[in-house]
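K.L.:
Quick note, the working numbering runs 1003 ahead of the 1-based positions in the sequence shown. Note that CB positions come from ideal geometry on N, CA and C, so glycine has one too. Here it is: the structure, laid out below.
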Amino acid sequence: MAGFLWGAATAAHQVEGGNTASDWWAVEQGANGMLEPSGDGLDSYHRYPEDMRLLAEAGLDTYRFSIEWARIEPEPGVFSADELAHYRGMIDEALRLGLTPVVTLHHFTHPLWFVRAGGWRAEGAIDAFRRYVDKTCEILEGVEWVCTINEPAVLTLMIRMHEAFLNPAQHLGGPRPSRLPLPDLDMGRRLGEAHVAARKILRARTDAKIGWTIAMQALTPTPGNEDTYRAAKYAWEDIYLEHSRDDDFIGVQSYTSQLVDAEGVVPHPPSPDNTLTGWAYRPDALGMAVRDAAAAAPGVPILITENGIATDDDDRRIAYTAAALDGLFAAMADGIDVRGYLHWSLLDNYEWGHWGPTFGLIAVDRATFARAPKPSLAWLGSIARGTGSHRLPSTSA
Ligand code: BGC
1004 MAGFLWGAAT AAHQVEGGNT ASDWWAVEQG ANGMLEPSGD GLDSYHRYPE DMRLLAEAGL
1064 DTYRFSIEWA RIEPEPGVFS ADELAHYRGM IDEALRLGLT PVVTLHHFTH PLWFVRAGGW
1124 RAEGAIDAFR RYVDKTCEIL EGVEWVCTIN EPAVLTLMIR MHEAFLNPAQ HLGGPRPSRL
1184 PLPDLDMGRR LGEAHVAARK ILRARTDAKI GWTIAMQALT PTPGNEDTYR AAKYAWEDIY
1244 LEHSRDDDFI GVQSYTSQLV DAEGVVPHPP SPDNTLTGWA YRPDALGMAV RDAAAAAPGV
1304 PILITENGIA TDDDDRRIAY TAAALDGLFA AMADGIDVRG YLHWSLLDNY EWGHWGPTFG
1364 LIAVDRATFA RAPKPSLAWL GSIARGTGSH RLPSTSA
């Protein structure tokens, strides 16, 4: 299908290194050894031309990456012309290589000053985000796809975790819950407001398609627990997909699937099959996620902005992705409008506090920063070129 995007994704803090003005950096340093630091990352801040070249040479045509608010606006209202030029350089390099850039404006990290001033709970938060988004429009010419905020539901959980790390005195005591809490609805509404504000600015100042990327959970109710299921699905997905109805696309991100019982989302049972993040091996989740997203925001085109597996066995990565594509293509054959597939991740990157779970199509030696493409990169590239094991369904042509 002409125009279907095939690519891979990263996020600034997970690959760049040295993101010292961000809240994540502060949390890593203050976590008393509970989190591994991101440190020099994969040095993609300097090595992005090589990363993009490897992606393009493999036959992929799209690169999703994020730009870093903490670098662009290291102090409130003070913008770095240098950093803006840096990210414009990334966009130019992608275009030069024939890659379609998919640019995320906010991928989990904030400037530390923003969080110190109260973060998203502060009165001026949306205005601060608006100011940042407005500034980024200066470098977005030629960019067709912009994601405003990455996985708002996960962000609400991260915000809660960071508040506990940065203000431990206020968050002491109480037994550790055995299940992950549901994403906070008030914070979710706030992020919804931020997304709508960003969309308005981007629509006025750019020609890009605007959306945000949703952590689709492929939740499944256990018998008799439909009410709990609906509440969990609302808090994870539907509250955000409501906003997607007025977007140009939905960014669908999918890794696994979970049951919902009377208590809520059931933790993944231990199994030798679980991935390196402890998640159930569920490549069928992608097809489920796409169908759920299409049902919640009918008619809005979908871009798969993340799908992948944390494994040190690259054959398993290929098997997972092949099965995920089967589910995706079946959904497309049923008429769901999907515009592309971007694998998470291009590189074995920093998995938010841990270096262990490797999601990459490319391994990286963290001492020398040498890149070593895995067979899965060429495998996915062959599908993109139309010579591989999987062909797009003809109904989508
Ligand atoms: C995020 C990525 C993360 C990946 C795997 C998504 O939640 O957008 O930043 O690395 O999933 O956990």
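1. On the three-pair Cβ rule with 8 Å, is the stretch 1080–1095 touching the stretch 1034–1046?
2. According to DSSP, simplified to helix, strand and coil, what is R1374?
3. Hey, out of S1392, S1069, T1314, W1123, whose CA is closest to V1146's CA?
4. On the DSSP bridge list, what partners appear for E1309?
5. Please confirm whether V1105 and R1067 have their CB atoms less than 8 Å apart.
6. For the ligand BGC, I want to know if F1068 counts as a neighbour, meaning its beta carbon is within less than 7 Å of at least one of the ligand's heavy atoms.
7. Which of the three DSSP states is assigned to N1329 in this structure?
8. Taking the runs of the alpha helix (DSSP H) that are 4 residues or longer, which of them lie wholly in the stretch 1047–1090?
9. Shorter than 7 Å, the distance from the beta carbon of T1280 to the closest heavy atom of the ligand BGC, or not?
10. Taking just the CA atoms, how far does S1025 sit from R1119?
11. Determine the extent of the alpha helix (DSSP H) in which R1394 is found, giving its start and end residues.
12. Sorry if obvious, but does the Cβ on W1123 come closer than 7 Å to a heavy atom of the ligand BGC?
13. Rounded to whole angstroms, what is the Cα-Cα separation between P1180 and T1159?
14. How about R1294 and A1235: do their beta carbons lie closer than 8 Å?
15. Ordered along the chain, which non-local residues of its own chain (more than five positions away) have a Cβ less than 8 Å from that of G1191?
16. Give the range of the alpha helix (DSSP H) segment to which P1155 is assigned.
17. Rounded to the nearest angstrom, what separates M1291 and F1007 at their Cα positions?
18. Could you tell me the distance, in whole angstroms, from the CA atom of A1012 to the CA atom of Q1256?
19. Measuring alpha carbon to alpha carbon, tell me which residue in P1301, T1308, A1313, L1350 is nearest I1339.
20. Can you give the beta carbon distance from F1424 to V1303, rounded, assuming they're within the 8 Å contact cut?
21. To test your reading of the DSSP string, which unbroken beta strand (DSSP E) runs of 3 or more residues are found completely within the stretch 1241–1300?
22. In the DSSP assignment, the beta strand (DSSP E) including I1217 goes from what residue to what residue?
23. Let me check understanding here. Comparing Cα to Cα, which of P1224, T1231, T1139 lies closest to R1208?
24. At a cut of 8 Å, does the stretch 1253–1272 reach the stretch 1212–1220 through at least three beta carbon pairs?
25. Measure the Cβ-Cβ separation of A1215 and C1150 and say whether it is below 8 Å.
26. Can you give me the start and stop residues for the beta strand (DSSP E) that Y1353 sits inside?
27. When you measure from the CB of Q1261 to every non-hydrogen atom of the ligand BGC, does any distance come out below 7 Å?
28. Using three-state DSSP, classify R1319 as helix, strand or coil.
29. Just how far apart, CA to CA, sit A1265 and D1046?
30. Would you give the residue range spanned by the alpha helix (DSSP H) that I1204 belongs to?
31. So what does W1148 bridge to, in DSSP terms?
32. Expressed to the nearest angstrom, what Euclidean distance is found between the alpha-carbon atoms of H1109 and L1194?
33. Take W1027 as the anchor and find which of I1142, V1269, G1122, A1197 has the nearest alpha-carbon.
34. Can you tell me which of G1227, V1268, Y1323 puts its alpha carbon nearest to the alpha carbon of A1288?
35. Between I1321, A1200, I1213, A1326, which has its C-alpha nearest I1129's C-alpha?
36. In whole angstroms, give me the CA-to-CA distance for A1034 and D1210.
P.N.:
Answer, in terms of the structure:
1. no
2. strand
3. S1069
4. Q1256
5. yes
6. no
7. The displayed chain sequence assigns Asp, not Asn, to residue 1329. Residue state, collapsed to three classes: helix.
8. 1047–1060, 1072–1075
9. yes
10. 11 Å
11. Unbroken run through R1394: none, as it is neither H nor E.
12. no
13. 17 Å
14. no
15. P1155, A1156, T1159, A1238, I1242, Y1243
16. 1155–1169
17. 20 Å
18. 11 Å
19. P1301
20. Not covered by the structure: residue 1424. The range shown for the chain is 1004 to 1400.
21. 1253–1257, 1261–1264
22. 1212–1218
23. T1139
24. yes
25. One point to set straight first is that residue 1215 is Trp, not Ala, in the sequence displayed. Going by C-beta atoms, W1215 is nearer than 8 Å to C1150.
26. Looking at the DSSP string, Y1353 is not in any beta strand (DSSP E), and its letter there is neither H nor E.
27. no
28. helix
29. 45 Å
30. 1188–1208
31. V1105, K1212
32. 11 Å
33. G1122
34. Y1323
35. A1200
36. 42 Å
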